[in-house]
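2 protein chains.
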Amino acid sequence: MSERSRQIVEAAVCLVEEGGTEALTMRALAERLGIRAPSLYKHFPDKAAVEAEVIALAMRDLARALEAAKDELEALAGAYRAYALAHPHLYRLMSAGPLPRERLPDGLEERAALPVVRAMGGERVAARAVWAFAHGMVMLELDGRFPPGADLDGAWRAGVAAFSRT
Amino acid sequence: MSERSRQIVEAAVCLVEEGGTEALTMRALAERLGIRAPSLYKHFPDKAAVEAEVIALAMRDLARALEAAKDELEALAGAYRAYALAHPHLYRLMSAGPLPRERLPDGLEERAALPVVRAMGGERVAARAVWAFAHGMVMLELDGRFPPGADLDGAWRAGVAAFSRT
DNA sequence: GTCTATACCCGGATAGAC
DNA sequence: GTCTATCCGGGTATAGAC
Numbered sequence: 000m001s002e003r004s005r006q007i008v009e010a011a012v013c014l015v016e017e018g019g020t021e022a023l024t025m026r027a028l029a030e031r032l033g034i035r036a037p038s039l040y041k042h043f044p045d046k047a048a049v050e051a052e053v054i055a056l057a058m059r060d061l062a063r064a065l066e067a068a069k070d071e072l073e074a075l076a077g078a079y080r081a082y083a084l085a086h087p088h089l090y091r092l093m094s095a096g097p098l099p100r101e102r103l104p105d106g107l108e109e110r111a112a113l114p115v116v117r118a119m120g121g122e123r124v125a126a127r128a129v130w131a132f133a134h135g136m137v138m139l140e141l142d143g144r145f146p147p148g149a150d151l152d153g154a155w156r157a158g159v160a161a162f163s164r165t
Numbered sequence: 000m001s002e003r004s005r006q007i008v009e010a011a012v013c014l015v016e017e018g019g020t021e022a023l024t025m026r027a028l029a030e031r032l033g034i035r036a037p038s039l040y041k042h043f044p045d046k047a048a049v050e051a052e053v054i055a056l057a058m059r060d061l062a063r064a065l066e067a068a069k070d071e072l073e074a075l076a077g078a079y080r081a082y083a084l085a086h087p088h089l090y091r092l093m094s095a096g097p098l099p100r101e102r103l104p105d106g107l108e109e110r111a112a113l114p115v116v117r118a119m120g121g122e123r124v125a126a127r128a129v130w131a132f133a134h135g136m137v138m139l140e141l142d143g144r145f146p147p148g149a150d151l152d153g154a155w156r157a158g159v160a161a162f163s164r165t
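Just so you know, the sequences run in chain order A and B. Residues in the first sequence are numbered consecutively from 0, following numbering that gives the first Met the number 0. Residues in the second sequence are numbered consecutively from 0, following numbering that gives the first Met the number 0.
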């Protein structure tokens with residue numbers, strides 16, 4: 000990938016972080032770079048290609064955050080939640096809706112999932128349940144679905160405790 | 000609400016069920032009813048009002064399905080998942096993204112949540128964790144996020160088992 | 001309550017000159 | 001590699017006649 004392409008992806012990340020998925024349009028992206036929208040198509044075939052690069056970048060960041068955490072459920076859950084709250088729009092783009100697997104680097108998805116599998120002693124089925132819990136907590140929190148004033152820390156603790164006994 | 004308004008909401012539900020959230024447009028809705036889009040504004044002030052009625056209807060259906068299930072976590076989880084898989088687009092519209100609470104009937108959200116709270120012996124914090132698990136499982140399944148061939152029944156069992164020991 | 005006509009916004013993407 | 005000009009499609013919503 001050329002240097003210019005990297006700059007484009009970087010700008011795209013900023014747009015998503017600041018304004019959510021919908022803020023990433025070819026026009027807005029071009030404007031941020033000081034060029035015109037059609038010029039982007041000299042670097043990427045279409046918008047989906049740009050989006051895929053943003054997703055890949057976010058997944059790498061999340062994977063790094065999880066790998067840096069201690070190999071216990073509680074620490075992993077904390078790191079997961081922290082990433083999602085720090086980058087809510089990136090988390091959404093990366094984790095909600097269909098994933099363009101063909102456009103992503105091989106093994107990246109697996110890499111992001113690995114820390115949880117290890118924390119669950121290699122039990123992939125249980126790891127999936129834990130992942131679903133964490134994803135559900137994050138999405139409900141980001142979407143403002145819990146009642147105002149709900150004890151979310153408590154809910155996280157309850158979930159982590161439940162799965163720790165597994 | 001007039002009879003005509005009810006017909007409009009019913010048509011809107013069909014559009015969502017068949018084509019997802021994006022398929023619900025004022026033009027498509029009008030066409031399905033054999034009228035022109037501007038005529039809809041004689042019955043509803045804007046699109047959000049129609050959408051809110053669809054959401055309310057879906058929440059009532061889900062609440063009924065949960066109330067009909069046995070008062071145990073396993074049965075509730077089964078009913079929850081069954082509803083979501085039977086009406087994936089309605090589930091999404093109702094459960095993902097911000098909720099227009101001002102436009103919904105009082106107490107409806109609470110009603111839908113109650114069965115889980117009861118199954119958890121009144122522990123609202125634990126009930127929220129269970130809800131997050133179920134929501135996460137459903138969304139990851141609907142979004143095709145699990146690896147192909149993953150044992151989802153097993154993941155559901157693992158989650159239900161973990162929270163049952165609470 | 002329905003229509004036609006229309007305003008207004010937005011999006012992705014292409015052709016062809018430079 | 002950037003530009004201008006443009007196409008094409010889509011959306012919500014309003015005005016005013018009937």
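Heads up, the beta-carbon is just placed ideally off N, CA and C, and yes, glycines get one too. This structure is a prediction, so every number in the text was calculated from the model and none was measured.
Reduced DSSP secondary structure (H/G/I, E/B, other) of residue i
i, result
"B:PHE145", "coil"
"A:HIS88", "helix"
"B:HIS42", "coil"
"A:ILE34", "coil"
"B:ASP60", "helix"
"B:SER4", "helix"
"B:LEU23", "coil"
"B:ASP150", "coil"
"A:ARG156", "helix"
"B:ARG127", "helix"
Spatially closest choice to residue i from the options, by CA coordinates
i, options, result
"A:ALA112", "B:ALA81, B:PRO146, B:LEU84, B:SER4", "B:PRO146"
"A:HIS134", "A:GLU30, A:ARG80, A:ALA68", "A:ARG80"
"B:GLY96", "B:MET138, B:LEU72, B:ALA62", "B:MET138"
"A:TRP130", "A:MET93, A:ALA76, A:PRO99, A:LEU141", "A:ALA76"
"A:SER1", "A:ALA78, A:LEU98, A:LEU39", "A:LEU39"
"A:ARG117", "A:LEU65, A:LEU92, A:ASP105, A:GLU17", "A:LEU65"
"A:PHE162", "A:THR20, A:LEU151, A:ARG31, A:GLU71", "A:GLU71"
"A:ALA57", "A:LYS46, A:VAL15, A:THR24", "A:VAL15"
"B:ARG110", "B:ARG26, B:ALA55, B:THR20", "B:ALA55"
"B:THR20", "B:MET119, B:LYS69, B:VAL53, B:ALA74", "B:VAL53"
"B:ASP126", "B:ASP105, B:TYR90, B:GLY158", "Before going further, note that residue 126 of chain B is Ala rather than Asp in the sequence given. Considering only alpha carbons, the answer is B:GLY158."
"A:VAL49", "A:ALA10, A:ILE34, A:LEU151", "A:ALA10"
"B:LEU98", "B:ALA51, B:THR165, B:ASP150, B:ASP45", "B:ALA51"
Below-7 Å beta-carbon distance, residue i vs any chain B residue
i, result
"A:HIS88", "no"
"A:ARG127", "yes"
"A:GLU57", "Note that residue 57 of chain A is Ala in the sequence shown here, rather than Glu. So, not an interface residue."
"A:ASP207", "No statement about residue 207 of chain A is possible, as the shown extent of chain A runs from 0 to 165 and does not include it."
"A:GLY158", "yes"
"A:ALA177", "Since the first residue shown for chain A is 0 and the last is 165, residue 177 of chain A is missing from the structure and cannot be characterised."
"A:PHE162", "yes"
"A:PHE132", "yes"
"A:ASP150", "yes"
is_contact[residue i, chain A] using C-beta, thresh 7 Å
i, result
"B:PRO172", "For residue 172 of chain B there is no data in the structure shown, the boundaries of chain B being 0 and 165."
"B:THR165", "yes"
"B:ALA154", "yes"
"B:MET136", "yes"
"B:ALA62", "no"
"B:LEU139", "yes"
"B:VAL115", "no"
"B:ASP105", "no"
"B:VAL124", "yes"
Distance cut-off 6 Å: residue i Cβ against heavy atoms of the ligand SAM
i, result
"A:THR24", "Among the components of this structure there are no ligands whatsoever, and the ligand SAM is therefore not found."
4-residue-minimum alpha helix (DSSP H) runs that sit fully inside the segment 66-124 of chain A, ordered along the chain: Correct list: 72-85, 87-94, 107-118.
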